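A short worksheet on the structure shown next.
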Amino acid sequence: TVDKFVGKNHLFKRSLVLIQNYLLNESHILGSHNFMLASYALRTMVGYILLQTPQIQSPVQTLMVFMNFFSTFDFEANVLSLFGVMPVDDFQKFQSPQLAIQQLQSDFLKSFQRQSAVLKLVQNINLLTSLRVSCDDKYLKQKGYFDVGVNLLQKEGEMVDCIKRHAQKLSQSQFGMDFSQELSINQQTQIIPQAIAKFIKSQDLNKFFKDEQQFFYKSINVSDPLLPSNNLGKSVSVQNMFRLQRCIQLAQVQVNQLFESLMQGEAPTNQCIAEFDQIFLHTLSIVQTGGEQVYNVNEEQLFDGIIKVCGWGLGIKSQGVVWQCQ
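Be aware that the sequence shown starts at 1, since it is given in the working numbering, and climbs by one per residue.
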């Protein structure tokens, strides 16, 4: 959704790959399993930079803005979301994290010129939030949120009435019939699925599935775009937070010095490119040393390869094989 909104030949994806490679291969500060920054948190941070800085045109520009912004960002005192930043003190004043995020969305809408495009983006994010809450009941219960199912049962009658209203609108507009009475089986098979689909895509879904859980504050506070109460920075320990800040500050100095020498003409372009490659030395060494072996195979062999990959996922080690269909 964010990549489609940003556009510019998948600028979001290309920027994410560049920054993710730096944090993973050069700084070694990515990976929630090591109490480092989660990849999902990084995606939210990159998305925030691109949404707040629409004049960015290339991944290198995204890298520079990313490092400049987060080198001085106070992670403990602020909560970062896809649509903006809010101080922790202000964030705590809202009844739920979702209400705080909705306030940030409203402020973002007011400050953006492409109102219709931004409104569609916000609506899509809110729809995905509702769908995640509605479909993640088991996950939420594992986290201790036992009241989700109870709230849904309490609102079940109201939700059914809402779906019926969608069905009546569909029947009158698409089928030219009045289905205010009970529907036959044939009519139900035509209209009810479409009514449910329309209900899911409408803003009515947000009334029944809301994220009303508590947000737990950590050393880094990044709100999940699809579940505002989920802190994506919860995996980062206090020690690793300082390490992350130092790594970003170092990268900020390196990138700024490189761009200054390039813009002022102090060094030729070829030298600047070589110095930029030095910033990604480990990443380039992984790519250029042929760490992956490529095999050209037919479809039957490809299927066998998929089975092997599934086996590797169950615990069997592999040596970086890439399967390509002839």
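Quick reminder that beta carbons are idealized off the backbone N, C-alpha and C, glycines included. Small disclaimer: the values here were computed from a predicted structure and weren't measured.
field: Cβ-based neighbour list, GLY84, same chain, cut-off 7 Å, excluding 5 preceding and 5 following
entry: Along the sequence shown, one-based indexing puts residue 84 at 84. Within the same chain, GLY84 has close Cβ partners LEU104, ASP107 and PHE108.
- request: Note down the Cα distance separating VAL17 from GLY7, rounded to an integer number of angstroms.
  value: Residue mapping note: residue 17 aligns to position 17 of the sequence shown, counting from 1. Residue mapping note: residue 7 aligns to position 7 of the sequence shown, counting from 1. Computed Cα separation, rounded: 15 Å.
field: Where LEU227 sits in the DSSP three-state scheme
entry: Counting from 1 along the sequence shown, the entry for residue 227 is found at position 227. LEU227: coil per DSSP, three-state reduction.
task: Can you tell me which of the three DSSP states LEU232 falls into?
output: The count along the sequence shown starts at 1 and reaches residue 232 at position 232. Coil, per DSSP.
message: I'd like to check one pair, ASN34 with ILE286: are the Cβ atoms closer than 8 Å?
response: Locating residue 286 in the sequence shown gives position 286, counting from the first residue. Locating residue 34 in the sequence shown gives position 34, counting from the first residue. No, they are not a contact pair.
query: In or out: PHE70 buried (at least 16 other Cβ within 10 Å) or exposed?
result: Indexing the sequence shown from 1 puts residue 70 at position 70. Answer is buried; the Cβ neighbour count reaches 16.
message: Suppose you measure from the CA of ASP74 to the CA of VAL255; what does that come to, to the nearest Å?
response: Reading the sequence shown from its first residue, position 74 is the one you call residue 74. Reading the sequence shown from its first residue, position 255 is the one you call residue 255. Each residue's alpha carbon lies about 21 Å from the other.
- request: Could you pull the start and end residues of the beta strand (DSSP E) that VAL222 belongs to?
  value: By 1-based counting over the sequence shown, the position of residue 222 is 222. Note, VAL222: premise wrong, no beta strand (DSSP E); not H, not E.
- request: Entirely within the segment 95–119 and at least 3 residues each: give me those beta strand (DSSP E) ranges in chain order.
  value: none
- prompt: Does LYS110 get closer than 8 Å to chain C when you measure Cβ to Cβ?
  reply: Looking at the structure shown, chain C is missing, and only one protein chain is on hand.
task: Would you kindly check if the distance between the Cβ of SER223 and the Cβ of VAL79 is under 8 Å?
output: For this step, residue 79 is matched to residue 79 along the sequence shown. For this step, residue 223 is matched to residue 223 along the sequence shown. Yes, the Cβ-Cβ distance between VAL79 and SER223 is below 8 Å.
message: I need the boundaries of the alpha helix (DSSP H) containing ASN78, first residue and last residue.
response: Here residue 78 refers to the residue found at position 78 of the sequence shown. Counting along the chain, ASN78 falls outside any alpha helix (DSSP H), though it belongs to the beta strand (DSSP E) covering 78–80.
message: Is PRO268 near the ligand ATP - that is, is its Cβ less than 7 Å away from at least one heavy atom of it?
response: Of ligands this structure carries none, so the ligand ATP is not represented either.
field: 6 Å CB neighbourhood of CYS36 in its chain, flanking five on each side removed
entry: Within the sequence shown, residue 36 is the residue found at index 36, counting from 1. According to the sequence as given, residue 36 is Met; it is not Cys. Once the five neighbours on either side are set aside, the close Cβ partners of MET36 are ILE29, LEU30 and ASN240.
In DSSP terms, what PRO87 is bridged to: Along the sequence shown, read from residue 1 onward, the residue named residue 87 stands at position 87. PRO87 is bridged to ASN78.
- prompt: So, are the CB atoms of SER81 and PRO268 less than 8 Å apart?
  reply: Here the question's residue 81 lines up with position 81 in the sequence shown. Here the question's residue 268 lines up with position 268 in the sequence shown. Cβ atoms of SER81 and PRO268: not closer than 8 Å.
- prompt: Quick check: the segment 95–104 against the segment 238–252, are there 3 or more CB pairs under 8 Å?
  reply: no
- request: In angstroms with no decimal places, state the Cα-to-Cα distance between ARG14 and ALA38.
  value: For the purposes of this step, residue 14 is identified with residue 14 of the sequence shown, where counting begins at 1. For the purposes of this step, residue 38 is identified with residue 38 of the sequence shown, where counting begins at 1. Computed Cα separation, rounded: 18 Å.
query: Given that a residue counts as buried once 16 or more other Cβ atoms are within 10 Å of its Cβ, and exposed if not, what is MET263?
result: The residue you call residue 263 lines up with position 263 of the sequence shown. Result: exposed.
- request: Would you check if the distance between the CB atom of GLN20 and the CB atom of LEU50 is smaller than 8 Å?
  value: Start at 1 with the first residue of the sequence shown, and residue 20 comes out as number 20. Start at 1 with the first residue of the sequence shown, and residue 50 comes out as number 50. For GLN20 and LEU50, no; Cβs fall outside 8 Å.
- prompt: What number of angstroms, rounded off, separates the C-alpha of VAL118 from the C-alpha of PRO87?
  reply: The residue you call residue 118 lines up with position 118 of the sequence shown. The residue you call residue 87 lines up with position 87 of the sequence shown. If I take the Cα positions, the gap works out to 23 Å.
message: Closest to PHE12 by C-alpha separation, out of GLN249, LEU127, GLY47 and LEU227, would be which residue?
response: Position 12 of the sequence shown holds residue 12. Answer by Cα proximity: GLY47.
- prompt: Which runs of the alpha helix (DSSP H) spanning at least 4 residues fall entirely within the segment 4–57, listed in chain order?
  reply: 11–21 and 39–52
field: Nearest-angstrom Cα separation, counted from GLN271 out to PHE91
entry: In the sequence shown, counting from the first residue as 1, residue 91 sits at position 91. In the sequence shown, counting from the first residue as 1, residue 271 sits at position 271. Distance between the alpha carbons of PHE91 and GLN271 is about 46 Å.
field: Burial state of GLY265 (16 or more Cβ within 10 Å)
entry: In the sequence shown, counting from the first residue as 1, residue 265 sits at position 265. Counting Cβ neighbours within 10 Å, GLY265 comes out exposed, since fewer than 16 surround it.
- prompt: Taking LYS210 as the reference, which of PHE259, ILE248 and GLN95 has the closest Cα?
  reply: Here residue 210 is taken as the residue at index 210 of the sequence shown, counted from 1. Of the listed residues, the one whose Cα sits closest to LYS210 is GLN95.
- prompt: How many Å lie between TYR217 and GLU76 at the Cα?
  reply: The residue given as residue 217 occupies position 217 in the sequence shown. The residue given as residue 76 occupies position 76 in the sequence shown. When rounded, the distance between both Cα atoms is 8 Å.
Cβ neighbour criterion (16 or more within 10 Å) applied to LEU127: As a first step, residue 127 must be located in the sequence shown, where it is residue number 127. Looking at its Cβ environment, which holds 16 or more other Cβ atoms inside 10 Å, LEU127 is buried.
- request: Enumerate in chain order the residues of its own chain whose CB-to-CB distance from LEU121 is below 8 Å, with the five nearest sequence positions on each side excluded.
  value: One-based indexing of the sequence shown puts residue 121 at position 121. Cβ neighbours of LEU121 beyond the five flanking positions: THR1, VAL2 and PHE5.
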